[in-house]
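Following: one structure in structure tokens, then a few remarks.
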Amino acid sequence: MITIDGLRAFGAGVDEGLARCMNNEAFYVRLVEKVLKDKGFDELDAAVAAHDTDAAFEAAHKLKGVLANLALTPICEPVTQMVELLRSRTDTDYSQYMNRIKEKKAQLEGML
Amino acid sequence: MGEFAYSKGLKRRILIVDDEEINREILGNMLQDHYVVSYAENGRQALEMLRDRTVRYSLILLDLLMPVMSGEEFLRLHKEEEQISGIPVIVMTSEKPAEVRSIKMGADDFITKPYDSPEVIKARCERIIQLYEDKSIIRSAEKDALTQLYTREFFYEYVRQADHYDETVYKDAIVLNVDHFHMINEMFGRDMGDEVLKKIANALEQIFGNGLYIGCRPDSDYFYLYVDHHESYEGVFNELSEELAKYSHMPKIRIRAGVYLNADKSISVDGRFDHAKLACDRIRGDYTRQVNFYSKELNDADLFHEKLIHGIDDAIANGEFIVYFQPKYGIAEETPVLCSAEALIRWKHPEYGMISPGEFIPLFENNGLIQKLDHFVWRRSAEQIREWKEKFGVTVPVSVNVSRVDIYDPELENRLGAIVEENGLTAADLMLEITESAYADDAKSLTEVVDHLRERGFKIEMDDFGTGYSSLNMLTTIKIDVLKIDMSFIRNMNRDEKSRRLVELIMDIARFMNVPAVAEGVEDETQLKMLKDMGCQIIQGYYFSKPVPPEEFERFISGK
């Protein structure tokens, strides 16, 4: 079960995220659980694998918005870095970012 | 307004448009205490929801990057649709360049992602909603919702501004009015009335829109225009009529215009439009004129009329009205014999001297005040008949006027009956003149009233016969005792064959109806002889005497 303390330990900006959720802890936690099921992660992964930078940018951008709102900093950071690189369609190896994203996501999922 | 709604506990509705469910939920959770929140996943869904007229949205929170229809595409369409373009939009974005771009595309504000604190977001929403509501209140007071023309106060203010910036340019103040507009509403419904007003506003825009033109609908079916001076308005209002005639489903309408040319800018704006309105109102019911121009004379005449209208009661009380009598002579015998008289009113005004009846009678006929004068003349005439009867031992019947408005007076019979009785007269002594135009107004009422009056013994004279519209038809339904031939025929009889033939014809009609014919306006012996030859029995006119005061009239009685 994901808890506020757990999120804090994870490195999330809990106070910021909670404030956006009107300090409703249950609501905040529910949204965090929900974002883990967001199909945007899979879409990003697939786009990166296919070297489709347009689709990858779109997916990363969307994820960034949600993750930032929830202040899930450890996952949001690599996503944001990807967005900036993809914005200029930088030809680079995105798998390192993807791996970090997956790793942090798995860490959160482990709390479920 | 914003405060009003909050104080009444009314909740506005906000539409959140974002493809990310979590974002929608976060925002919704922030706003739900103050607002009713609806959600759309993309621009297209949002448009569909906004087009539903039964739901009223106060604000749209719009994400830019969305599938199906992006926020930018939505902004473009939002601007184009009249029904929803009035709803403010706050864009939600994490991209700096998008902020400026969306404001340029018509967004009213933006919220950055990740979201600011709920307080900031709520404050931004509230501020934009209030701004729009205040703006729409101002706009609704500034423009008439139906025609989009200015309302009176704003119009006057803009005219003042136009004067200020356009000081040296001559301007015309114009007032337009739709004749019998209430009938359009009554006969075709209010929607049609509204449509007519809208079409007029459009046509005015088309005709005057090129120059500096300020238009206003101050109330109901009046239009005020302030335009650059036109040398001539010939054609301008024809163009307007033609423009309106294009709408074949609309009833035919007639628009009157009053124009104050080169309106004097030293006069207040409303004063200038009062002048134009006076010119406009003056031709109400005059189907020969579509445009009337304001002039000093018109204004003076209006002031004069106002004074007459306000002075009528005092004038009656102060004895300013004098009843004159013009003799009528029977000419069947060799020597003419006085047989009756016609009562004619004169006004000796303390300020204006003798005022012609042609000046005040039509005025009082228009506003119904004629009834007061009629009552005065009936009473005065009856008293005079009694006086002469007492003094000379003879009865001189007097003809008095019964105006249209009297016909509708349910007390008419009793009123006349009482006057006759009080003076010890018989009903036949007071002869009642009605005009055939009263028949055109309401044939049924007139026929009934005439029947009742005749039953009580009053004699009915048909005045101005031959000048109205329904003469022949009328004669089949209404019973009269005397036919009076209008003086215009008599006057032209000497030199105009047609007039002479008409008089002969009217004489034939009188014979056919078995009633005497009275010829009015007889001025010379030639006319008298012609009439006598035609078999006319009674003559009235300057040949015998002009209308005279009662004392002077007595010489005709004593001569009898």
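One line per chain: the protein sequences are A and B, in this order. The C-terminal position of the first sequence is numbered 113 in our numbering, with every residue numbered one higher than the one before it. The C-terminal position of the second sequence is numbered 1116 in our numbering, with every residue numbered one higher than the one before it. We put the beta carbon where it would ideally sit given N, CA and C, even for glycine.
Check	Outcome
Element boundaries [alpha helix (DSSP H), containing R609 (chain B)]	Careful: R609 (chain B) lies outside any alpha helix (DSSP H) and carries neither H nor E.
Buried versus exposed call for A679 (chain B) [16 or more other C-beta atoms within 10 Å across all chains shown]	exposed
Proximity test, Cβ basis, 8 Å: K669 (chain B) and chain A	yes
4-residue-minimum alpha helix (DSSP H) runs that sit fully inside the region 51-106 of chain A, ordered along the chain	54-70, 74-88
According to DSSP, residues forming a beta bridge with N733 (chain B)	B:Y778, B:R812
Contacts of P674 (chain B) in chain A (Cβ-Cβ under 8 Å)	A20, R21, M23
Same chain, Cβ closer than 8 Å to L37 (chain A), neighbours up to 5 away in sequence not counted	K106, L109, E110, L113
Within chain B, the residues that L32 (chain A) reaches when beta carbons sit closer than 8 Å	I578, E581, I582
Cα-Cα separation between R695 (chain B) and G599 (chain B), rounded to whole angstroms	28 Å
Min CB distance V36 (chain A) to chain B below 8 Å	yes
Reduced DSSP secondary structure (H/G/I, E/B, other) of A888 (chain B)	coil
Among A:E34, A:T74, A:A57, the one whose alpha carbon lies nearest that of L87 (chain A)	A:A57
Outcome for V893 (chain B) when other beta-carbon atoms lying within 10 angstroms are tallied against a minimum of 16	exposed
Where the region 614-627 of chain B meets chain A: residues whose CB sits under 7 Å from a CB there	L621
I640 (chain B) (DSSP reduced to helix, strand or coil)	helix
Sequence-distant residues of the same chain with beta carbon closer than 7 Å to F1045 (chain B), five excluded per side	G1022, S1055, L1058, V1059
6 Å Cβ shell around G1097 (chain B) - same chain, five flanking residues per side excluded	G1077, V1078, E1079
Straight-line Cα distance separating N733 (chain B) from N848 (chain B)	12 Å
Buried or exposed by the 16-neighbour rule on C-beta atoms within 10 Å, applied to M557 (chain B)	Per-residue confidence for M557 (chain B) stands at a pLDDT of 39, beneath the threshold of 50, marking its modelled position as unreliable; the derived number appears in the next sentence. The residue is exposed, with fewer than 16 neighbouring Cβ atoms inside 10 Å.
F711 (chain B) burial status per 10 Å Cβ neighbour count (16 or more: buried)	buried
Reference I616 (chain B), options B:D574, B:E713, B:R1047, closest by Cα	B:D574
Contained beta strand (DSSP E) runs [length at least 3] in the region 1029-1060 of chain B, N- to C-terminal order	1038-1041
Which residues DSSP lists as bridging E698 (chain B), in chain order	Bridge partners of E698 (chain B): none, in fact.
Counted within 10 angstroms of its Cβ, other Cβ atoms place S96 (chain A) as buried (16 or more) or exposed	exposed
Cβ-Cβ distance between T54 (chain A) and R101 (chain A) below 8 Å	no
Check whether L1035 (chain B) and D1007 (chain B) have beta carbons under 8 Å apart	One point to set straight first is that residue 1035 (chain B) is Lys, not Leu, in the sequence displayed. Result yes, Cβ atoms of K1035 (chain B) and D1007 (chain B) sit closer than 8 Å.
Against chain B: residues of the region 49-76 of chain A by CB proximity under 8 Å	E59, H62, K63, K65, G66, V67, A69, N70, L71, A72
Cβ of F28 (chain A) within 8 Å of any chain B Cβ	yes
Beta-carbon separation (whole angstroms), S896 (chain B) vs M987 (chain B), contact threshold 8 Å	7 Å
Euclidean distance between Cα positions of A1066 (chain B) and V933 (chain B)	28 Å
Cβ-based burial, R607 (chain B) [other Cβ within 10 Å; buried from 16]	exposed
Residues, ordered as in the chain, of the region 642-658 of chain B that lie near chain A by beta-carbon distance below 7 Å	S650
Cβ contact check for the region 665-675 of chain B and the region 736-746 of chain B: 3 or more pairs under 8 Å	no
Q108 (chain A) (DSSP reduced to helix, strand or coil)	helix
Cα-Cα separation between F560 (chain B) and E689 (chain B), rounded to whole angstroms	Since pLDDT at F560 (chain B) reaches only 46, below the 50 mark, its modelled position is unreliable, and no value is offered.
Outcome for L817 (chain B) when other beta-carbon atoms lying within 10 angstroms are tallied against a minimum of 16	buried
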